[in-house]
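Asks: First, the structure itself, so that you have it in front of you.
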Amino acid sequence: MLEYVRNLFKKQLPPLSVSDIARSKLTYLPAAKLQNIAQCIQKIQTQRVPGDFVEFGVALGGSGIFIARQMARSRRFVGLDVFGMIPAPGPRDDQKSHERYRVIASGESEGIGGDRYYGYEPDLLTKVKSSFAAYGIPVDGKRVTLLPGRFEDTLPHWNLRKIAFAHINCDWFDPITLCLETTLPLMSPGGFIILDDYKDYGGCKRATDEFLQRHKNVTLLDSAHNAVLRVF
Ligand SMILES: C[S@@+](CC[C@H](N)C(=O)[O-])C[C@H]1O[C@@H](n2cnc3c(N)ncnc32)[C@H](O)[C@@H]1O
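In terms of the working numbering, the sequence shown opens at residue 677 and continues consecutively.
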């Protein structure tokens, strides 16, 4: 039994470093945001907070791969995204968000490091699956699952389970509110929710602040880079 556990342990790939994933050109996240993710996951694992790891807003898969490579073998990763063009912002989003969307929709957005913008890829889902496989975490529908489609459509059919860590990176007010409210009842006490866009887009800050007002069992621990929330 002990040998079996040792072998399982040996097969576990080591976590990716922040510089490894930053070099991959698969993520928009700077080092400080990735460090916060790594620290939360480390706490979840040392404190044995039960549950899956989820990401809302996968794009090219960079932060998702970084998260999935930190997980202990017993956990699952679920990534949700349209894997295509980002849906439009709404009336509760700020001018900056609407301007960003205008550039994307016009076909003029640049990708990471001068690459093609991911939203213009003809088959983004296949590309993202290849990237997960290349980093040693194949999308097998068991340990790692990607759910394509708008959250509004996929979340009602999602096989919902306990969540220990949620990374919410979908930019605009409405999807962020939906993801927060769907995730909270599933969160284990001691689990973390990170909102990537808290300092970047007004709709994300507004959605997060209103959510914190409604739910007193959630605390904002840090918002210097991304917003780090802990659920009690
Ligand atoms: C900034 S990108 C995610 C970046 C990624 N986490 C990384 O490592 O760089 C935001 C993603 O959220 C997705 N998204 C936004 N609103 C959505 C919605 N309503 N349903 C599904 N996906 C959505 C977009 O398609 C886009 O891929």
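Ideal Cβ positions, reconstructed from N, Cα and C, are used throughout, including at glycine.
Quick one: grab the DSSP three-state call for Val779.
Replies: Taking the first residue of the sequence shown as 1, we reach residue 779 at position 103. Helix.
Asks: So, with DSSP's three-state summary, where would you put Arg699?
Replies: Reading the sequence shown from its first residue, position 23 is the one you call residue 699. It is helical.
Asks: Between the segment 894-901 and the segment 785-798, can you find at least three pairs of beta-carbon atoms closer than 8 Å?
Replies: Flag = no, the segment 785-798 and the segment 894-901 do not touch.
Asks: Just checking Tyr811 against ligand 1 - is the residue's beta carbon closer than 7 Å to any of the ligand's heavy atoms?
Replies: Locating residue 811 in the sequence shown gives position 135, where the first residue counts as 1. No, the beta carbon of Tyr811 sits no closer than 7 Å to any heavy atom of ligand 1.
Asks: State the CB to CB distance for the pair Tyr794 and Gly783, rounded to an integer number of angstroms; the pair is presumed to be in contact (CB under 8 Å).
Replies: Walking along the sequence shown from the start, residue 794 turns up at place 118. Walking along the sequence shown from the start, residue 783 turns up at place 107. That pair is no contact at about 13 Å.
Asks: Quick check on Arg724: does DSSP put it in helix, strand or coil?
Replies: The count along the sequence shown starts at 1 and reaches residue 724 at position 48. Coil at Arg724, not helix or strand.
Asks: Output the boundary residues of the beta strand (DSSP E) element that contains Ala764.
Replies: The residue you call residue 764 lines up with position 88 of the sequence shown. Element bounds for Ala764: n/a, residue is neither H nor E.
Asks: Who sits around ligand 1, taking every residue whose Cβ is closer than 5 Å to one of its heavy atoms?
Replies: Counting every residue whose Cβ lies closer than 5 Å to a heavy atom of ligand 1, we get Thr703, Tyr704, Gly733, Ala735, Gly738, Ser739, Asp757, Val758, Ile762, Pro763, Arg826, Phe827, Asn845, Cys846 and Pro851.
Asks: In angstroms, rounded to a whole number, what distance separates the CA positions of Asp885 and Arg752?
Replies: Here residue 885 refers to the residue found at position 209 of the sequence shown. Here residue 752 refers to the residue found at position 76 of the sequence shown. Rounded to whole angstroms, Asp885 to Arg752 spans 29 Å at the Cα level.
Asks: Does the Cβ-Cβ distance between Gly727 and Gly740 come in under 8 Å?
Replies: Here residue 727 refers to the residue found at position 51 of the sequence shown. Here residue 740 refers to the residue found at position 64 of the sequence shown. Not in contact: Gly727 and Gly740 (Cβ atoms no closer than 8 Å).
Asks: If I measure Cβ to Cβ from Gly878 and keep anything under 6 Å in the same chain, skipping five residues before and after, which residues do I get?
Replies: Locating residue 878 in the sequence shown gives position 202, counting from the first residue. Result list for Gly878: Asp770, in chain order.
Asks: Are three or more beta carbon pairs between the segment 694-702 and the segment 834-841 nearer than 8 Å?
Replies: Too few Cβ pairs lie closer than 8 Å, so no.
Asks: Identify every run of the alpha helix (DSSP H) within the segment 832-908, keeping only runs that are complete inside it and at least 4 residues long; order them along the chain.
Replies: If we require 4 residues or more, the alpha helix (DSSP H) runs fully inside the segment 832-908 come out as 849-859 and 878-890.
Asks: Which runs of the alpha helix (DSSP H), 4 residues or longer, sit entirely within the segment 780-827?
Replies: Here the runs fully enclosed are 800-810.
Asks: Anyone know if the C-beta pair for Leu736 and Val694 falls short of 8 Å?
Replies: Taking the first residue of the sequence shown as 1, we reach residue 736 at position 60. Taking the first residue of the sequence shown as 1, we reach residue 694 at position 18. Taking 8 Å as the Cβ cut-off, Leu736 and Val694 do not qualify as a contacting pair.
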